[in-house]
Amino acid sequence: MTRMTTTTATVTRTTATRTMTDAGPVRPKGAGDAVRALTRAGGVVGALGLGTLVYSNRVELNRFTLRQVRITVPHLPAELRVLHISDIHYVRGQHRKLRWLQQLAELQPDLVINTGDNLSDARAVPEVLEALGPLLRFPGCFVPGSNDYYAPRFKNPLMYLKGPSTLHPSAESLPTEELFGGFEAAGWANLSNAHSATRLNGLKVEFSGVDDPHLDLDEFSGWPSTDAQPEPPADLKIGVAHAPVVRVLETFADSGADAVFAGHTHGGQVCLPAFDGSGGRALVTNCDLPAKYAKGLHTRRRADGGSTGVHVSAGIGTSAKAPVRLFCPPEASLVTISPTSE
Ligand SMILES: [Fe+2]
Numbered sequence: 005m006t007r008m009t010t011t012t013a014t015v016t017r018t019t020a021t022r023t024m025t026d027a028g029p030v031r032p033k034g035a036g037d038a039v040r041a042l043t044r045a046g047g048v049v050g051a052l053g054l055g056t057l058v059y060s061n062r063v064e065l066n067r068f069t070l071r072q073v074r075i076t077v078p079h080l081p082a083e084l085r086v087l088h089i090s091d092i093h094y095v096r097g098q099h100r101k102l103r104w105l106q107q108l109a110e111l112q113p114d115l116v117i118n119t120g121d122n123l124s125d126a127r128a129v130p131e132v133l134e135a136l137g138p139l140l141r142f143p144g145c146f147v148p149g150s151n152d153y154y155a156p157r158f159k160n161p162l163m164y165l166k167g168p169s170t171l172h173p174s175a176e177s178l179p180t181e182e183l184f185g186g187f188e189a190a191g192w193a194n195l196s197n198a199h200s201a202t203r204l205n206g207l208k209v210e211f212s213g214v215d216d217p218h219l220d221l222d223e224f225s226g227w228p229s230t231d232a233q234p235e236p237p238a239d240l241k242i243g244v245a246h247a248p249v250v251r252v253l254e255t256f257a258d259s260g261a262d263a264v265f266a267g268h269t270h271g272g273q274v275c276l277p278a279f280d281g282s283g284g285r286a287l288v289t290n291c292d293l294p295a296k297y298a299k300g301l302h303t304r305r306r307a308d309g310g311s312t313g314v315h316v317s318a319g320i321g322t323s324a325k326a327p328v329r330l331f332c333p334p335e336a337s338l339v340t341i342s343p344t345s346e
C-alpha cells in the first residue's frame, strides 16, 4: 500500500513538470499585449467599416430595382398603372442611372408621377431631361422637392440618422425653371400647390399636389370637384407631395384621396439588415413620418370611413454630398391601382 501511494505521487509530479515545459515560461500580461490586441481589433473594425463604406458607395448606389405595389380602390371602373419615380438627385456623368431611367419606359405606364428632388448638380438639367426623355412621352405630373430649388452642401452621411435636415442659408440655387420648363413642355402637370383633372385609361382622375412640405411651402389647393364651379365626381383622387409630412398625408386623406404618392425619405438611406423581404429596416425618414413607413405602401384611415393608400418611394439617388446607401437600394415603383375584389 505504501508503494502504490508513492507511485501515484511520482506520476502527478511528472505531469506537472511536462505542462510547465510545453507552455513555456509564464509571464504576466502587460500593456504591450493589451495594445497589440486593441490594434488587431481596431484593424478588423476598420477593415469592416471601410468595406461597408465602399459597398454602400460603389455597389448599393447602383443596385437599381423596381418595386411592384398594388393599391385597391372600391368600385374603380378600370386599372391604372402608375410609374412612381423620386429623388433622382442627378449629377452629370451618372450614365448608368441615365440608361436605367430610360429603360423604365419599357413598362409602358398609364401615368408617371415624379415626386421631386431631381438635381444634385446645377448643370445637370440637360442630362436629366435626356434620362427622362422616354418617360416624358407618357402622361405625367410632378411636384418640387428642396433639391429642385437648392444644391446640396457637404454633410457627414451619418448626420442623416440624427434627425430631419435643414436648409443652409447660403445654399446655392438650382435652375428650377429650366428643369420644370422641360417637364411642362412635354405635357407633365406641375402640381405645386395646384390641382388638375384628366382622363386616363377611361378613368376620370383628379390630382392635388403641394410644394415641398419639408420647406414649409405646402398649401393644399383642394380638388377640381370641390372648386366653386365643381367638375363631375372623379373615379380616382390622387394626392402628390415630396416630403410625406404627416399633416399633409392627413389633409389628403381627410379630403378624400384614394392614393397619395411621396418621396423624400430615401427609404431611410442607411438601414439595418432585415430578413423579411423588405430589404432593410429604416431608422429615420428625415421628417415626422414613423420609420416603419419610410418606403413602400401603408394605409391611412379617412374621416369618411374609407382608406387612403400612401406610397412612399425610397428614391433613385442620394444627395451628391452624402453618396451612400446601405440595405436600401435605389428604386422606382410600378403601382397598379385596381378595383377592390368583391
Ligand atoms: Fe431626396
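Per my numbering, the sequence shown runs over residues 5 to 346.
Where is the CB? At the ideal position from N, CA and C, for every residue including glycine.
- Rounded to whole angstroms, the separation of the alpha carbons of arginine 44 and asparagine 194 is 57 Å.
- Between lysine 299 and glutamate 335, the C-beta spacing is below 9 Å.
- DSSP places leucine 105 in the helix class (H, G or I) of the three-state scheme.
- Sorted by position in the chain, Asp91 and Asp121 make up the residues whose C-beta lies under 5 Å from a heavy atom of ligand 1.
- About 7 Å separates the Cβ atoms of histidine 268 and aspartate 91, confirming a contact at the 8 Å cut-off.
- Here aspartate 215 is not near leucine 207, since their CB atoms are 9 Å or more apart.
- Positions of the beta strand (DSSP E) runs, each at least 3 residues long and wholly inside the segment 237 to 268, are given as 240 to 244 and 263 to 266 in order along the chain.
- Counting along the chain, no beta strand (DSSP E) covers threonine 180; the unbroken alpha helix (DSSP H) around it starts and ends at 180 to 189.
- Measuring C-alpha to C-alpha distances from glycine 243 to each of Thr180, Gly191 and Asn118 identifies Asn118 as the nearest.
- Here leucine 276 is exposed, its C-beta having fewer than 16 other C-beta atoms within 10 Å.
- When DSSP states are grouped into helix, strand and coil, glutamate 210 belongs to the strand group.
- Pairwise C-beta distances place the segment 226 to 243 out of contact with the segment 69 to 76, as fewer than three of them are shorter than 8 Å.
- DSSP, reduced to helix, strand and coil, places glycine 283 outside both helices and strands of the structure shown, so it counts as coil.
- Residue Pro81 holds the alpha-carbon nearest to the alpha-carbon of arginine 203 among Pro81, Gly97 and Ile75.
- Here leucine 65 is not near leucine 123, since their CB atoms are 9 Å or more apart.
- Taking 9 Å as the cut-off, the Cβ atoms of proline 156 and serine 323 count as close.
- Comparing alpha-carbon positions, the option among Ser259, Val209 and His246 lying closest to proline 237 turns out to be Val209.
- Exclusion of the five residues before and after valine 95 leaves Ser124, Asp125, Ala128 and Ala324 as the residues of its chain whose Cβ lies within less than 7 Å of its Cβ.
- For glycine 144, the three-state secondary structure derived from DSSP is strand.
- For the beta strand (DSSP E) assignment, the uninterrupted runs of no fewer than 3 residues enclosed by the segment 73 to 141 are, from N- to C-terminal side, 84 to 89 and 115 to 118.
- Excluding residues up to 5 positions away in sequence, Pro333 lie with their Cβ nearer than 6 Å to the Cβ of arginine 67 in the same chain.
- Partner residues in a beta bridge of glycine 309, as assigned by DSSP, do not exist.
- Assigned with DSSP and collapsed to three states, leucine 195 falls in coil, not helix or strand.
- Rounded to whole angstroms, the gap between the alpha carbons of glutamate 110 and glutamate 254 is 34 Å.
- Boundaries of the beta strand (DSSP E) around alanine 336: 335 to 343.
- A straight line joining the alpha-carbon of arginine 141 with that of leucine 108 spans about 12 Å.
- Between glutamate 176 and tyrosine 153, the beta carbon gap of about 10 Å keeps them out of contact (Cβ cut-off 8 Å).
- Taking the Cα of valine 116 as reference, the smallest distance to any Cα among Gly309, Phe211 and Val288 is reached at Phe211.
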